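Numbering (full-length UniProt numbering), first residue to last: 1 to 408.
Each residue gets a CB set at the ideal place from its N, CA and C atoms; glycine is no exception.
Owing to the predicted nature of the structure, the values given are computational and were not obtained by experimental measurement.
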């Protein structure tokens, strides 16, 4: 089907979506009464904004199609669809047929209000031909692969009186234009959060967006983990595992100076998993802060580790925690297990810089007590805001600690 008869309302930025739509488009006839629209939104009578992957007008009727790029296998447990990824992770999903059925009825109602009464059917299409579908028979009604979907669309109508003609097709197009279909916003949504168009921070495999809750006066920081377009399944799993590890560690980590994890969405965005954090516009990365306020200082690298004497003192009591001073210099809480308890006016032994509050910085956290004491846990990111102290104060502090003796 050529462009014009096939209308791409919103061009997909994601390779797997583009592949799925192109696979269907190549197999559809380029003749009346066939028409198709991909990636658009409409506003239902209830006020809900609905996302549509694909709408097809065929001789046998009008069909709204939900595309799913799932991999591995899918089963049903008490009405809930459960996807098991190639890596063995289980992801529960609501039955997508229920929602697409609701959206199809809402769109049919709008088309009727704008001059063309028509029945709109629903379908779910799995675009990965290698997906193992193990759903019960009653759940497989309306579920297709790409080839099965095209074969279903080409079937003649059961009642010739309901056949869609070229005139009917043009009337449906006119009614659809009157409903006010718009570009899809799916690429800028994670759960109930609407993302800003541009990320304000990014790394090799992630991008951070400022986001607003669609129902509440709430602002959040959304980190979307990204996989390269057309990347292998092993690379996608590696990115997903990295997001899962960070979420698993941060959900147990609570500190008033640390940006808190609010929610983890394994399949929250088309590009990859997403993590939702509290948003604080004052947050800076450590390297940014040192560049602005540290007079050329840089975070300690692998060649600038703590001296052996300090390292022995630090590791002497692995179950103790480090106190972090607040803005007034008093302790506010613990950074994490695996550090000794120190004076509230703590300074980095390598740079002599006083820690004033915690934001985001990569540190190592020990595993829970049930695990071996020497086994390292997952790493996660913290950013630390630092305040510089005079060199003379650092020397006086060092002499004072030496007079007090080793930490206990």
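Measuring alpha carbon to alpha carbon, tell me which residue in the options is nearest residue i.
i	options	result
residue 146	155, 133, 129	129
residue 237	87, 177, 277, 42	87
residue 80	96, 241, 256, 58	96
residue 104	156, 50, 113	50
residue 60	22, 116, 121, 19	121
residue 274	58, 241, 158, 233	241
residue 55	94, 76, 108	108
residue 29	118, 151, 19, 99	151
residue 65	85, 89, 25	25
residue 465	266, 217, 38	Nothing about residue 465 can be reported from this structure: the residues present for the chain run from 1 to 408 only.
residue 142	178, 204, 101, 234	101
residue 177	261, 235, 27, 114	114
residue 138	194, 77, 179	77
residue 214	203, 235, 188	188
residue 282	258, 272, 262	258
residue 149	16, 27, 18, 11	27
residue 190	262, 16, 205	262
With DSSP as the reference, please indicate the residues paired to residue i in a beta bridge.
i	result
residue 88	According to DSSP, which records beta bridges pairwise, residue 88 is partnered with nothing at all.
residue 58	61
residue 66	124
residue 207	202, 224
residue 97	Note: residue 97 sits in no beta bridge, so no partner.
residue 7	37
residue 76	81
residue 166	Residue 166 is not bridged to any residue.
residue 193	190, 213
residue 43	49
residue 118	Answer is none; residue 118 lacks a bridge partner.
Taking only the alpha-carbon atoms, compute the straight-line gap between residue i and residue j and give it to the nearest angstrom.
i	j	result
residue 239	residue 225	7 Å
residue 196	residue 209	6 Å
residue 106	residue 45	7 Å
residue 68	residue 124	7 Å
residue 229	residue 192	Bear in mind that a pLDDT of 47 at residue 229, under 50, signals an unreliable position, so the model cannot answer this.
residue 436	residue 62	As displayed, the chain neither begins before 1 nor continues past 408, which places residue 436 out of reach and without an answer.
residue 98	residue 164	25 Å
residue 247	residue 223	11 Å
residue 327	residue 256	Below a pLDDT of 50, predicted positions are generally treated as unreliable, and residue 327, at 44, falls in that range; no measurement from the model is reported.
residue 249	residue 266	15 Å
residue 158	residue 201	55 Å
residue 183	residue 70	24 Å
residue 218	residue 211	8 Å
residue 216	residue 90	30 Å
residue 92	residue 82	4 Å
residue 253	residue 207	22 Å
residue 260	residue 234	29 Å
residue 32	residue 119	19 Å
residue 48	residue 94	19 Å
Tell me whether the beta-carbon of residue i lies closer than 9 Å to the beta-carbon of residue j.
i	j	result
residue 52	residue 43	no
residue 131	residue 73	yes
residue 279	residue 221	yes
residue 276	residue 9	no
residue 154	residue 57	no
residue 2	residue 35	no
residue 116	residue 175	yes
residue 75	residue 134	yes
residue 20	residue 85	no
residue 7	residue 111	no
residue 203	residue 243	no
Quick check on DSSP: helix, strand or coil for residue i?
i	result
residue 103	helix
residue 38	strand
residue 30	coil
residue 212	strand
residue 12	coil
residue 113	helix
residue 259	coil
residue 131	coil
residue 237	helix
residue 173	helix
residue 278	strand
residue 51	strand
residue 182	strand
residue 20	helix
residue 2	coil
At a Cβ threshold of 9 Å, is residue i touching chain D?
i	result
residue 163	Absent here is chain D; the protein component of the structure consists of one chain.
The ligand MG heavy atoms versus the CB of residue i: any closer than 8 Å?
i	result
residue 158	Looking for the ligand MG in the displayed structure turns up nothing, as the structure carries no ligands at all.
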